[in-house]
Every structure is written in C-alpha cells, then in structure tokens.
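Per full-length UniProt numbering, the very first residue in the sequence shown carries number 1; after that it's consecutive. Quick reminder that beta carbons are idealized off the backbone N, C-alpha and C, glycines included.
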Amino acid sequence: MPKYVYEFSEGSKEEKDLLGGKGANLAEMTRLGLPVPPGFTVTTEACRRYLADGVVPPELRVQVTRALRALEDRVGRQLGDPQDPLLVSVRSGAKFSMPGMMETVLNIGLNDVSVRGLAGVSGDERFAWDSYRRLIAMFGKTVLGIDDALFVEAMDSMKRSRGVTQDVDLGANDLEELVEVYKKVVHQETGRSFPQQPREQLDLAMNAVFDSWNTERARLYRRRERIPDDLGTAVNVCTMVFGNLGPDSGTGVCFTRDPATGRQGVYGDYLPNAQGEDVVAGIRNTLTLADLAERDPKSARQLYAVMRRLETHYRDLCDIEFTIERGKLWMLQTRVGKRTAAAAFRIAAQLVDEQLITMDEALQRVTGDQLARLMFPQFDRSAARTRLATGLAASPGAAVGEAVFDSATAVARHAAGDSVILVRRETNPDDLEGMIAAAGVLTSRGGKTSHAAVVARGMGRTCVCGAEAIDVDAAARTARVGDIVVNEGDVIAIDGSTGEVFLGDVPVMTSPVATYLEEGLDAALTGADEETAELVQAVHRVLTHADSTRRLGVRANADTGEDAARARRLGAEGIGLCRTEHMFLGDRRALVERLILADSAAARASALEALMPQQRGDFVELLEAMDGLPVTIRLLDPPLHEFLPDRTELSVRVAVARERGEDTAADETLLAAVERLHESNPMLGLRGVRLGLVVPGLFAMQVRAIAEAAAERIKAGGDPQVEIMVPLVGSVMELHLIRDETDGVLAEVAERENVTLDIPVGTMIELPRAALTAGRIAEAADFFSFGTNDLTQTAWGFSRDDVEAAFFAAYLDKGVFTVSPFETLDAIGVGRLVRIAVEEGRRARPGLKMGVCGEHGGDPESVHFFHEAELDYVSCSPFRIPVARLEAGRAAGAYDDTAAGLAGAR
Ligand code: ADP
Ligand code: MG
Ligand code: MG
C-alpha cells in the first residue's frame, strides 16, 4: 500500500516531487528543530491518484485518520473538541510555487460548539468568533466555490453599521453576528448548511486542494510558466497557531536578503493581531521588522536567529512566513526566494565572499536567461516614469514608440520613419507584418506561449503580453487603464525584461553588463555607482569561472570583420559559421546576376572572375579579425533566385514595358532565368551542395578566394585558421565530388603562392539523411557542424517562415510542444539525430571535431544538450556568446550536493 501521508518530521527538502515545495520545506524546518506547528503532508501521488480515479483512495482516508490521531495525541487536543479544540490549516503546495493559484483554508475544526470552547480556553471571545468567521469565508470561497465578494460585502456592511473602518475594531458580538450572516450566505448559495463535522470540513478541504490543481486559472498559469500538468499538488495539514490573539500576536513575511538587490539584512512586513493572508492582502498598513523589534524584542531576536539559521542551512536567500502567538514565534513556511536577474548574480557572489558557497555552486545559482536579461538595453531607472501596467515579460528589450492598434498602421508609420509599438488585445498571423514593422509588441491577453510572445521571441522583437489591466479597443484605437486613455500616436514604452508598460518616452541606455561584456571591466566600472559595480563584478567573476569550467568551445556566427571583432570581444573563440551569401548582396548582386545569366563557359568564367576578388577581400578581413582562431566558412547555401528580382514584379515590369513598346530584351532574359529557377519549395530545392554540383565553377571560385585570402594572411605574418564547410550534404558522394574539386584548388593555390595551406574541409549535418549516414559521410569530412535550424525544419517537415506565424501558438497552446523546437532543440527527436550522427561519425573517424551552428547554440537548455552529446563547440550569434559561455560552464559543472559532501549536512 503506498504511503500517502508523511508527518512533517518524516520528510526533507529533497522531497519536493512527493511533498511539494511547501511540505518539503516544512519538513526540513521541523528536522532543523525550528518551531514549526506539527502537522502532516498528503503526497502529490495521492493527488494524482485522486485526479485519475475521481475518488479519494480509501487507504488515504485511513492514513489521514491515523496521522490526525497521532497529531491529536501529540498536542493533547482533538479536532472539534467542544472544550479545547485542535484547529488545523489545510494548505496546498505543489513542487513549483504557483502563487495565488490555490488557496489555503485556516481554522478547520471550528463549529457552533467548539467556537465557544475556543473562546473559553483562550479567554478571548473576540478571537474565537474572528477565527470562526474567517473559516466560513475561506471555506465558502475555496471549498464551496462561493463568490468571495458576498463575504466581503457582509463584512463591509457590518463595519458600516458599527461605524468602524478596520476589522480589528469589530467586537466579539459583531463578529458572532457576522458568523450568522456568513452562514446564511453559505446556505443561500449552496442550499446546505456550513458543515459542522470537523472531519468533513477537513476531507472537503483536502479534496478542494486536489481539485484546485485543475482549475482553468491553474492550468493557464502552468502553461505560462511551463510547469507540467501531471505533477499534482500536495496538501499540508498544519496545527493552527494564532496571530489574531491580541496585540502581542501577529503575522508576517520576511526575506533574509533584499530580493531586488541581494543586499544582506532583514526585509519584511509584520501585522499585529492578524491572521494569515492579512499581510499580503493589504487590509491594514504593515509594520517593519524594526517596529516588531521595538514591540517585541524577544520574538524579533528569535526571528533573526531563525533567519540566519535558515540562510546558513539553505545557503541562499530564504523567503519566510511566520506568526507570533502571544509572544511565541512560529515558523509557517520557507523557501529559496525568487529574485531579480541582477540580484541572482549579486547574491551568488556575496555568498561566495561569505564562504557559504563555492564558486562552482555560484555558477549554478544563475542562468543564461538572467544574463541575457541583464545585457539588453535598459530604460533609465533614474528617469521619471509613469507605469501604466505590468504584463508578462515575453521577449526582452526596451522599446519606445507611438501606440498603433493595427498591423497596417504599424507598417505605414514605420515606413514613414516612426518608431511604433503595436498594441493588440492578442495577435494572430495577420499581424505579422505589423510585428515586423514595430519596435515592440504589447498585448493585453495571452501568456508566454501566445502568438505574440512566440513570434516576437522568434524575431527578437521586444514584447510584453497579457497586460490584463489594459483595455484595448482596436476599433476605437485606444488603450485604457482606469481613466488614462492612450490614443493612437501617443508614445508608450515597454520593457520586455520586466513586463512593465510606461506612458510617454523613457530614455534607453546600454546596460552596464553589456558595457562590461563588450568593453571590459574597467569601462563598465568607470563612474558606476556601488550597486552597479557590485553587479558587474559579480557577472565577471561568475562568467570567468564558467570559462574555466566549461568543456564546450564557444564560437560566433559572423559574416563580416566587424561582427567577428565584436564576437571576439564578447569572448568568441572563433567563427563557427560565416555565411558567404551575405557577401553576394548589395551592389554585388549585379555580378551574381551576370553569373546566373551567363550563356557560355566564357561568360560564366568572367562573371566568377569578377566576384572572386570581392570574396577574397571579405575573407581577408574576417581572418584578420579572428587571427589565430578557427574560422569556418560555409560555401554558398541559398537558392540562386534569392539573388534575382521578384518574379511577379519583374513580369509586371516586362509587361508594362512591352505595352509601351520599349526594349525588353534584357528584362526578358532575366525573367526567363527567374522562371527557370522558380521553385515551389525553395528550402528543399536547388541550394547548398547541390548548387556547387550543378553551377560549374561556383564553389571552386569560393574556395580559391578562401585559399588566396589565407595565403595573403600568412604572408602578412598572420595565423589564419580557416575551415571550409559544405552545406546541405545528404550523401557522402556529394561531399566526395566537392572535395575532389576543393582539394585541387587548394593544392594549386598553395603551390602558386608558395605557402602551406592546412585547410580542413567539413560538412554541415542538417538533413536527416546526413545524420543517419554520418558514418559514411565522416569518411570524407574533416569535421561536422550541426545545422540545427535546417535539421529541425527537415526532421519535423516544418517550413519555419511559414509555420511559426501560422500555427505555432496553437501547437504550444494544445501542448504539442512546450517550447518552439526552433528556440530549444527538440532533444528527443532532432536531438536523437544529433546523437546518432555524433556516435557514427566518431566511430568512423575517432576524434572527429563536431560543433553546432544553428541558433540553438545560444539557447541555454540546448547548450546543456550539446554538452551532454559531447560536441566540441557551439556557435551562436555574437550577442548570445556570453549566454553560451555561462551555460556551457553550468553544464560542465552540473553541481551535485552529494559530491560536495553536503547532502548529509541537513
Ligand atoms: P500560500 O501558499 O498562499 O502562501 P499558505 O498555505 O502559506 O498559502 O497559507 C496562507 C496564509 O496562512 C499564510 O500567511 C500562512 O502563513 C498562514 N497559515 C497557514 N497555515 C497556518 C497555520 N497552521 N497557522 C497559522 N497561520 C497559517
Ligand atoms: Mg505561504
Ligand atoms: Mg542550413
């Protein structure tokens, strides 16, 4: 028979899966000997069973009875005893905290009789009736589903009739009367009386906690936060302690450090003569802990001691709930506290300095996402700002612009040179053009996987979504928050890193962390205030440690000398992907056109001849910027028609010219070429290695340009480490053919220039067939580089440009995946192809160097996958390099309590 019920003294903080976060930490505090009111936890497993079967497992009832009796024996009181009743709270608590999703019921065990017993033993009638009315309201709302407003209204009208404003000013008789009113509300709303049987109260409350796992609100929250739906919640049954027993009682919350800055000290709120949620509900102004120390020095001292003890034990910022009952301190909850990105780095460094954690652990206390957040341009915090609302931080960045309410206006205003913020209730595929044109996107509905969020993240656009306080009226072209109205053209500012929305312009500045990463420590520290300096130092220390820990190399995807230099400043150890097609654009497009239109070998040769020096120049620049570090140059990849004019535009031009009797010969030749090269699925058409095989001389020209650039650098005293990469290979034959040509050209240039050229030729693995035949392909490849963008497209059969805007939001919503496979590598599908290729490639050619150059190379979760798959490096856009460095370090150092000998230290 499964063990569904654990006494607090039986669990520990390691058991969050089974006991939920709250239960595991209550158990941990109990084991530490802290003053936790005794109780027990019903496991998440019991919840899952109950939700699957629709009935409470009978053995759960039995186990609860036994735990309850043991509790009663221990505290010497019984649930519902008419003289001296034991009261308990029934508290939800899942593995991950879901604030505000599921409620707690306090004071279970009170009824019409025991309320008088409670008044007797406490010597305080008011307290007894106050507790009873709280039970009926909380039970009514949470368990019976009655609209809370009815209870609030009854309370307000009681206060009005007594001429008081605060609930503490109501006397015992008032509250007794209120209990009668509340009971009537229950009867009216449910057709039955408030349950008088304490055990029935307990059972119903426990079931309500289980059921609350599946409310619409909770599901939505989980989808937003990417918490799996099948975890279930635990239920904690905890002996009541009372903060509402008069002025020497009270309840509060506190942090062991400031969660915004990390500064050490005591931060908290305290409310005398209050119970549970009164503190956060803001019904009265709270006191500070310093005030508490004045009112009740003994309890305050005790609390400080507990805070220190908890921080020493958890070795991290703790977030704590406590209650003081007539001068006695009780601990009701603790957990490792949430914090801002800046605080995460500061706290990690502080704890190292205090010698509470090691540098290895510090590395695990921060994330790449947090680092990325700190790198984005920021709004100037010292500037005056009017906050309109706060939504979800869906895609980071700081954007300022005129509010527009539809896609077409966004496009038009953007074309006119304005910066705009597209404001929508929610977006759909029709809004795509507007989203591209806008500096930022703001929606009032939808979570982090809504269309707006997914698409904005995909294109790196700043986005705040689900800002529910904003009422967007697209027809009226307004957004309202209370009586503030934002009209079309009014300037607003959105912060995609915090979710804040501001009215009016807010100045944007480079973040100090970005300055540090690009220009070094000194530049960032010059003129920085103390807090900023501490942050920058913390980032520097943690990142330096990541660099010394990681096994994965980190390279950049960069196409120009300028990008390469920037990437190098950001810590890149080479270029993993240089896309040569970017060198065919601009005024060189005409040369490519000549190549495509060439109707003879001579014409083609002369077109290639014209392109060559240009390419060589680019490569020289790139190799110079990355001197001494590897530079992987990919031969031409995209279909040729991308370099030609648009088919429709060109046909119209030809038709019009013909109509006017103008000379159309040149355009007609061009049009014929466009027609010839037109493809229904260009992504799967004539591109990559296929181009190299059918356009004579094209790849040879590129290889020559590379070889000559390397020779030039060698002669200039440089150390070029160039590598040639062939795209879209599906069969080893393709690679053999290209290699034959390439090797010839390399040898020829080496001889002519009289230099030794050691230029490896490798291939991308970006087609399933390449991955599945990697053992053969390895025979002809000096290295592999996984092109995980195309590999994701071809493994899923997704055309990225089409699918992301069209239906990804729906897929995320329906749970087909929890994150876009273009954002985080689909480890079990696409990742399997990667693993197969790694294994077969290395079996055929031991030590074969492998990297990844898809965008996944800069995604934290994917970096961990690539580390585990034993790749040699990741390559990502320059801006993501610090993130990749940090995450590669975290992956290598994946920290384990047991290894450090700390597991037994609880
Ligand atoms: P949440 O997860 O929303 O914080 P909790 O289960 O922590 O919910 O409880 C809500 C409030 O009631 C908190 O302020 C908590 O400290 C208080 N509370 C919970 N159990 C007890 C108890 N046994 N005695 C006194 N107060 C309690
Ligand atoms: Mg709590
Ligand atoms: Mg590709």
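Counting the other Cβ atoms within 10 Å of the Cβ of ARG133 gives 16 or more, which makes it buried. Assignment of LEU170 by DSSP, reduced to helix, strand and coil, places it in the coil class. Distances from the CA of THR560 to each of VAL554, ARG616, THR549 were compared; the closest alpha carbon is that of ARG616. Residue burial is scored here from C-beta neighbours: VAL55 has fewer than 16 other C-beta atoms within 10 angstroms and is therefore classed as exposed. For ligand 1, a non-hydrogen atom lies closer than 7 Å to the CB of SER89. Judged by DSSP in its simplified three-state form, GLY617 adopts helix. Rounded to whole angstroms, LEU737 and PRO727 show a C-alpha spacing of 13 Å. Distance from the CA atom of ASP430 to the CA atom of GLY489, rounded to whole angstroms, is 21 Å. With at least 16 other beta carbons inside 10 angstroms of its own, HIS451 counts as buried. Taken through DSSP and simplified to helix, strand or coil, MET240 comes out as coil. Look at the beta carbons and you see the region 359 to 370 touching the region 329 to 344: at least three pairs across the two are nearer than 8 Å. DSSP places ASP471 in the uninterrupted beta strand (DSSP E) bounded by 471 to 473.
With a beta-carbon spacing of about 22 Å, SER114 and VAL235 fall beyond the 8 Å limit used to define contacts. In chain order, the residues positioned with their C-beta nearer than 6 Å to some heavy atom of ligand 2 are GLU321, GLN333.
Here the region 472 to 480 makes no contact with the region 351 to 359; the two share fewer than three CB pairs at distances below 8 Å. If only uninterrupted beta strand (DSSP E) runs of at least 3 residues are considered, those enclosed by the region 76 to 148 are 88 to 94, 105 to 108.
Listed in chain order, the non-local C-beta contacts of THR41 below 6 Å within the same chain comprise TYR6, LEU19, GLY23, ALA234, ASN236, local neighbours out to five positions each way being set aside.
Annotation for TYR4: no beta strand (DSSP E) segment contains it, and DSSP assigns it neither H nor E. For MET725, the uninterrupted beta strand (DSSP E) segment begins and ends at 721 to 726. Short of 7 Å from the beta carbon of LEU746, and not among the five residues preceding or following it, lie these beta carbons of its own chain, in chain order: VAL703, ALA707, LEU757, ILE759.
In the three-state DSSP reduction, LYS13 falls in the helix class (H, G or I).
Just measuring C-alpha positions, the residue of MET459, SER785, GLY815, ASP627 sitting nearest GLU712 is ASP627. Around the beta carbon of ASP148, fewer than 16 other beta carbons sit within 10 angstroms, so the residue counts as exposed. Using a Cβ distance threshold of 8 Å, VAL542 and LEU525 do not count as a contacting pair. Around ALA710, the same chain offers LEU623, PRO720, VAL722, LEU757, ILE759 as residues with beta carbons nearer than 7 Å, after the five sequence neighbours per side are excluded. Shortest gap from the CB of GLY21 to any heavy atom of ligand 1: 7 Å or more.
Minimum Cα-Cα distance from ILE881 among the listed residues PRO860, ALA891, ALA869, PHE866 corresponds to PRO860.
DSSP places MET764 outside any alpha helix (DSSP H); the residue lies instead in the beta strand (DSSP E), whose first and last residues are 761 to 765.
Straight-line measurement puts the Cα of VAL90 at about 8 Å from the Cα of ILE108. Counting along the chain, no beta strand (DSSP E) covers TRP213, and no H or E run does either.
Within 7 Å of the C-beta of PRO272 there is not a single heavy atom belonging to ligand 1. GLY775 and GLU840 have their C-alpha atoms some 5 Å from each other. In the structure shown, PHE822 falls within a coil segment according to DSSP collapsed to helix, strand and coil. Collapsing the DSSP output to three states places ARG424 in a strand. Straight-line measurement puts the Cα of GLY11 at about 11 Å from the Cα of GLY21. Residues of the same chain with a CB within less than 7 Å of the CB of SER97, apart from the 5 flanking positions on each side, are GLY21, ARG335 in chain order.
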